[in-house]
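Take any residue in the sequence shown, note its place counting from 1, add 1468, and you have its number in our numbering. From the three backbone atoms N, C-alpha and C, an ideal C-beta is built for every residue, glycine too. These numbers come from a predicted model, not from an experiment.
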Amino acid sequence: MPGKMMRKENLPTKTCAACGRPFAWRKKWARDWDNVRFCSDRCRGQKAGKGPGKG
């Protein structure tokens, strides 16, 4: 199994559409990584463009 392990620095990253913070790939997103846009449930609830205190 050691051949399947990825180092943290080698994980792909994206920028959150709501808060703009970078976030790294997680195993639970493996099947949907292309569709993942938000770093957390909180950001998904805010959606893009609203930002803190704008809605």
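When rounded, the separation of the alpha-carbon atoms in residue 1515 and residue 1491 is 16 Å. Counting along the chain, residue 1511 sits inside the alpha helix (DSSP H) bounded by residues 1509-1514. Counting every other CB atom within 10 Å of its CB across the protein chains shown gives residue 1498 a total below 16, marking it as exposed.
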